[in-house]
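Notes for the one structure printed next.
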Amino acid sequence: MSETDCTHRRKERQTILVADDTPENIDLLSGLLRRDYRVKVATSGERALNIVASDDPPDLVLLDIMMPGMNGYDVCRRIKANPDRCRIPVIFVTAMTSIEDERIGLEAGAVDYITKPISPPIVGARVRTHLALYDQARMLENRVRERTAELSASREQIVRRLGRAAEFRDNETGNHVIRMSHYSRLIGEAIGLGPDTAGLLFTAASMHDVGKIGIPDSILLKPASLDAAEWAVMRRHPEIGAEIIGKHTDPLLDAARTIALTHHERFDGSGYPSGLTGEDIPLFGRIVAIADVFDALMSQRPYKPALPIEETRVVMSRSTGTHFDPRLMATFPHVLPEMLRIHETYADMHGPMTDVDLPPDKGPGMP
């Protein structure tokens, strides 16, 4: 919920849940509060929990302790154990007046404790105070959440731009990074990665070749095949990339480093720089290997023409089990139509494309 939504909620009548098994107590509290608030009632702990867990939860709960079945302490503990509802303030309203009763209630998670018989001014004042504190806490949380999202978006853009900057060195449009990032996400989603992990893969994949920054132009831009010594230099770019990114606990930068370091490993152990085999190669590295090679085959480079799709499919198929993970390649036929659409959407002939977040069905030439 945004700060605007919170403001809107404050302008509306806030909702109080009164949970008590005695009709007289419910009538008394409801009559006291209805002028200023929406009031919901529950005559059992189970019913109170259902209301709290609903799509229209209360802003505050007035809770009796002595109820049949589940008592108020247990209801409060259950509310506080629910991560989506734990911040809703709970005030005990009870005839249990000992210091020990209050201690148990506050330890269960209640923010306040009102004893019966109630004093209407005290109830009104306590309700107003805790609603105001709850509103303030929600507003602060939303501000932190929005600022965190802004910082995260800025960080992701920096990572993607760095990846594209490296790609511009040997691909004048830099669109390869955009295409293979989309391919990687498609493959990840096809094997069951959730939205957050697939999004992390999409962003981190753009840094796969950042190590090319450290490769001399005479090698990187050579319009002919590289000799053995030149290949030895070129094969250092994964380690250079990992060194540029560095080691981090941040999930995005850690994933980017892993991809930079391992996307040239091969499933049969013949890749570089470490000769890893099978599932010893991190999953993100295995996925990006497929996306990277597919786009390289389908794209023109100074030293080679683009391959037609049928030839590309043959090469990819022949490389299954040697270069590529067979389990991942089992998804390839299913995602290929979308990969081809992405390839056309972000084709190099469109020139440099800066809309790295543009969905593939909204690119140039797409309906």
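Just add 1384 to wherever you are in the sequence shown, counting from 1, and you've got the working numbering.
Virtual Cβ for every residue (Gly too), placed ideally from N, Cα, C.
The structure displayed is predicted, hence computed values, not measured ones.
About 6 Å separates the beta carbon of I1475 from that of A1494, a gap short enough to meet the 8 Å contact definition. By the criterion of a C-beta distance shorter than 7 Å, H1514 is surrounded in its chain by L1444, P1473, I1475, V1495 and D1496, once the five residues flanking it on both sides are discounted. In the DSSP assignment, F1586 falls within the unbroken alpha helix (DSSP H) covering P1579 to A1589.
When secondary structure is reduced to three states using DSSP, D1485 falls in the helix class. Sequence-distant partners of I1643 (beyond 5 residues in either direction) whose C-beta falls short of 7 Å from its own C-beta, in its chain, are A1588, A1589, M1591, H1592, F1668, G1669 and V1672.
Counting only runs of 3 or more residues that sit fully inside the region 1452-1536, the beta strand (DSSP E) segments are 1474-1478 and 1496-1499, in chain order.
Burial is judged here by how many other beta carbons sit within 10 angstroms of a residue's own beta carbon; S1568 has at least 16 and is buried. DSSP, read as helix, strand or coil, puts F1651 in coil.
Judged by beta-carbon spacing, I1599 lies within the 8 Å limit of V1617, meaning their Cβ atoms are closer than that value.
Bounds of any beta strand (DSSP E) do not take in L1610, whose DSSP letter is neither H nor E. Residue environment for S1482: exposed (fewer than 16 other C-beta atoms within 10 angstroms of its C-beta).
By alpha-carbon distance to A1640, the top candidate from V1594, E1430 and T1661 is V1594. Residue environment analysis places K1688 among the exposed positions, since fewer than 16 neighbouring C-beta atoms fall within 10 angstroms of its C-beta. Residues E1649 of the same chain have their beta carbon placed closer than 6 Å to that of L1660, with the five preceding and five following residues left out of the count.
Residue pairing by DSSP places R1685 opposite K1688 in a beta bridge. DSSP lists V1423 and L1444 as the beta-bridge partner residues of I1400. With a cutoff of 8 Å on beta-carbon distance, V1719 and A1608 are scored as not near each other. Counting along the chain, V1594 sits inside no alpha helix (DSSP H), nor does DSSP assign it H or E at all. Less than 8 Å separates the beta-carbon of M1451 from that of D1405. The C-alpha of R1531 is placed about 37 Å away from the C-alpha of R1418. Non-local beta-carbon contacts of D1638 in its own chain, meaning distances under 7 Å to residues more than five positions away in sequence, involve H1632 in chain order. The criterion of a C-beta distance shorter than 8 Å is satisfied by L1433 and V1459.
Taking the Cα of M1682 as reference, the smallest distance to any Cα among Y1730, D1664, G1653 and A1509 is reached at Y1730.
CA-to-CA, the gap between Q1398 and I1624 works out to about 58 Å. Remark: C-beta atoms of Y1656 and R1702 do not approach each other more closely than 8 Å.
Listed as beta-bridge partners of F1678 by DSSP are no residues whatsoever.
With fewer than 16 other beta carbons inside 10 angstroms of its own, P1721 counts as exposed. For T1706, DSSP assigns no beta-bridge partner whatsoever. E1728: member of the alpha helix (DSSP H) spanning F1716 to T1729, first to last residue.
A residue is called buried once 16 or more other Cβ atoms fall within 10 Å of its Cβ, and M1564 is buried on that count. The three-state reading of DSSP puts H1632 in coil, since its state is none of H, G, I, E or B. For L1417, the enclosing alpha helix (DSSP H) stretches over residues P1407 to L1417.
Between A1690 and Q1684 a beta carbon distance of about 5 Å is seen, short of the 8 Å cut, so the two are scored as contacting.
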